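Reading through the structure tokens given below for one structure.
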Amino acid sequence: MIDLKTALGEAVAAAFAAEGVPADLARVTASDRPDLADFQSNGALAAAKRLGRNPRDIASAVADRLKADPRLAGVEIAGPGFINLKVADAALSARADAIAEDPRAGAGTVAHPRRVIVDYGGPNVAKPMHVGHLRASIIGESLKRLYRFRGDEVVGDAHFGDWGYQMGLLIGAVCDENAAIAALVEQLNAAGDPGAEIPEAFRGITLADLDRLYPMAAARGKEDPAYRDRARKLTADLQAHKPGCYLLWRQFHDVTQVALERDFHALGVDFDWWKGESDVDHLIAPMVADLDAKGLLVDDQGARIIRVAREGDKRELPPLLVVSSEGSAMYGTTDLATILDRKQGFGFDQVIYCVDQRQADHFEIVFRAACLAGYAAEGQLEHVGFGTMNGPDGKPFKTREGGVLKLNDLIEMTRAKARERLNEAGLGEDVSEAEFEDIAGKVAVAALKFADLQNFRGTSYVFDLDRFSSFEGKTGPYLLYQAVRVKSLLRRAAGESVRAGPVAVGQPTERDLVMSLDAFETALADAYDRKAPNILAEHAYRLAQAYSKFYAACPILQAPDSATRGSRLTLASATLRQLELALDLLGIAVPDRM
Ligand code: ARG
């Protein structure tokens, strides 16, 4: 069964067609005046304009036809020709029953599923993950889940940043600090076997070492040209698979990945592919040859570039730097080769790059080059950018000391806040320590993710942990709390052997709740088309509010007769299922209690 809005849209379209009025104008939307009607169609106005007729005449002819529809309890004309539709209680009840029985809680799928890659998260080796990667992870994870839920075949790829200049910087810094490692790197570079195991001496290097050395090396690379040149040289050595550099790099790579997987997992973000820039290294030489054969490469002071500027560009786009003058592959080079890899390995219809808006030019350049080279078709590659998470000063969020906040610290901070809130709510005494920790983790994730996803991704927002973690207001914890309340009601109902039964709506809050449940499909379709999880976040919030009003006005277990108890129980469980689904698509899991 399709949602009421779509079904009524079809009925209005049929009535338009029967009146000889263009049916494509017969759009039905939720009513602007829910006190008067459930849905409305403004199509008669546009039709009248197109046909040169009186809008009220069209509207009343269409309305007369619709009056025969048993799903409608009222069809009225308002103002210059709006058609107001009031749904019959029986139709609402039937829709609620269908949603309650549906494991997808009333959600449909797309007519034409696609093969989609979502490139998100984008963590780097050595550079610790910071809040700049937070939004990429949160938004990308949600888009991945949303597409998959709508029926697309979707793969999420972390696209690990592991093959650039920062690797050369780090190799240099580690060698400077440890003469034994430096000697071993030299020795292996001269003689070793690239397939060999990571030597014991390299295995002592920890993530803490990288965290400590990288900022120092990055700063020095900015000031000291000789230091920078050496780092570039080491990057080129790594990319040439010189065994000493390569094996040292493997150690950096492995310790970083372990930590990143832990951080992402704590955030409810899990990738299907942990591919990185380094994974396409073998494709770069043949790709450069191919680009050359296609006449796309231009020599530019020892480097090789692709010019991508077009006639009529509003601002000048720099060329894609394919091979640096040291012979290294650059960020854009690996991105271009990754497109080839994805095409050959997966054969996408679409690749979504969920990355900070500040990289918009980078992607525009790479995408143009990919199209010029015939590696992707126009429109298949899309950058889904987003604004920043800001501090109270309106600038990208920093720690109190002025540094970038590490993702792990942010998660810890949010968990601490969640524990505090849960203790205030008195949860501590009722559950085991392990369960308490699990719940605190879920509350923390809900607080961070919902605060992020409730904004349209293009807008920046201010980080405010106190507000995000409140159990009241438009927050993740509030939504969890509502869902948990329904869970506990359902447990009580089971304990008292109250059984769910067919829905019979009567009370206004029951009608509103079913209208909210019915709106899930529209919210999903819009969120999907506009790549906008905030639409889904809004839906979850409205549903929770509609439930809360229903719960306040309509006793469930205390209802006078068993038919009413059964009906309301069905409404409650349908709400829970849909709310949990919607939250899951935002990447938020609901605990059993809190
Ligand atoms: N590692 C990059 C960064 O931290 C983000 C990678 C995004 N994805 C991509 N295909 N370029 O800025």
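Using my numbering, you'd call the opening residue of the sequence shown number 150 and step up by one each time.
For each residue, glycine too, the CB sits at the ideal point set by N, CA and C.
Keep in mind that this is a model prediction, so the values were computed, not measured.
Check, Outcome
"Comparing alpha-carbon positions, which option in G353, A731, S180 and C324 lies nearest L595?", "Note on residue identity: the sequence assigns Ala, not Leu, to residue 595. Closest by alpha carbon: A731."
"Please return the same chain residues whose Cβ sits closer than 8 Å to the Cβ of V108, not counting the five positions on each side in sequence.", "The requested residue 108 does not occur in the structure, where the chain is confined to residues 150 to 743."
"Look up N233 in the DSSP assignment and say whether it is helix, strand or coil.", "strand"
"Quick one: grab the DSSP three-state call for D744.", "In this structure the chain extends from 150 to 743, so residue 744 is not present and cannot be described."
"Count the CB pairs spanning the segment 552–569 and the segment 370–387 that are closer than 8 Å, and state whether there are at least three.", "no"
"What's the call for R717, buried or exposed, on a 16-neighbour Cβ count within 10 Å?", "buried"
"With a CB to CB cut of under 7 Å and the five nearest residues on each side skipped, what residues in its chain are close to L194?", "P204, P229 and G230"
"Are the CB atoms of D301 and I266 nearer to each other than 8 Å?", "no"
"Check each residue's C-beta against every heavy atom of the ligand ARG and list, in chain order, those closer than 6 Å.", "D268, G271, N273, H308, G310, D484, Y502 and V504"
"Checking the sheet assignment: what are the DSSP bridge partners for R264?", "E302"
"Here's the rule: buried if 16 or more other CB atoms are within 10 angstroms of the residue's CB, otherwise exposed. What is G543?", "exposed"
"For the candidate residues A478, W423, T724 and I232, whose alpha-carbon lies nearest to that of L409?", "W423"
"Take E475 as the anchor and find which of R459, Q506, Q388 and V407 has the nearest alpha-carbon.", "Q388"
"Scan the segment 375–447 and note each continuous alpha helix (DSSP H) run of 4 residues or more that stays entirely inside, going in chain order.", "392–415 and 430–442"
"Which residue comes first and which comes last in the beta strand (DSSP E) that contains Q499?", "Q499 to C503"
"Do L720 and L662 come within 8 Å of each other at the CB atom, strictly closer than that value?", "yes"
"Label P545 either buried or exposed according to how many other C-beta atoms from any shown protein chain fall within 10 Å of its C-beta, with 16 as the threshold for buried.", "buried"
"Could you pull out every residue in the same chain whose Cβ sits closer than 6 Å to the Cβ of D386, ignoring the five residues on either side in sequence?", "C394"
"Measuring straight from C-alpha to C-alpha, what distance separates R369 and I320?", "14 Å"
"How far does the alpha helix (DSSP H) with I320 in it reach, from first residue to last?", "Y314 to E326"
"Could you give the residue range of the beta strand (DSSP E) that holds R616?", "Here R616 belongs to no beta strand (DSSP E); instead the alpha helix (DSSP H) covers L614 to F617."
"Can the beta-carbon of P740 be found closer than 8 Å to that of V633?", "yes"
"With DSSP collapsed to three states, give me the class of L221.", "strand"
"Quick check: what's the CA-CA separation for V457 versus A415?", "41 Å"
"8 Å is my cut-off, CB to CB: does F599 come that close to chain D?", "This model lacks chain D altogether, as it is built from one protein chain only."
"Is DSSP giving V611 helix, strand or coil here?", "strand"
"So the beta strand (DSSP E) S473 belongs to, where does it begin and stop?", "Premise fails: S473 is in no beta strand (DSSP E) and is neither H nor E."
"Kindly indicate which residue of S427, D421 and G417 has the alpha-carbon position closest to the one of D403.", "S427"
"So what does DSSP say about S581, is it helix, strand or coil?", "coil"
"Please report how far the alpha carbon of R361 lies from the alpha carbon of T405, in whole angstroms.", "13 Å"
"Report the option in A339, G271, L397 and P348 whose CA atom is closest to the CA atom of A322.", "L397"
"Mind checking who M788 pairs with in its DSSP beta bridge?", "Here the chain has residues from 150 to 743 only, and residue 788 is not among them."
"Exposed or buried, what is E621 when buried is set at 16 or more other beta-carbons lying within 10 Å of its beta-carbon?", "exposed"
"Along the chain, which unbroken stretches of the alpha helix (DSSP H) at least 4 residues long are found entirely within the segment 617–694?", "625–644, 657–667 and 669–679"
"Excluding five sequence neighbours on each side, which residues of the same chain lie with their C-beta closer than 8 Å to the C-beta of P682?", "I288, S291, L292, L295, L602, R606, A676, L734 and L735"
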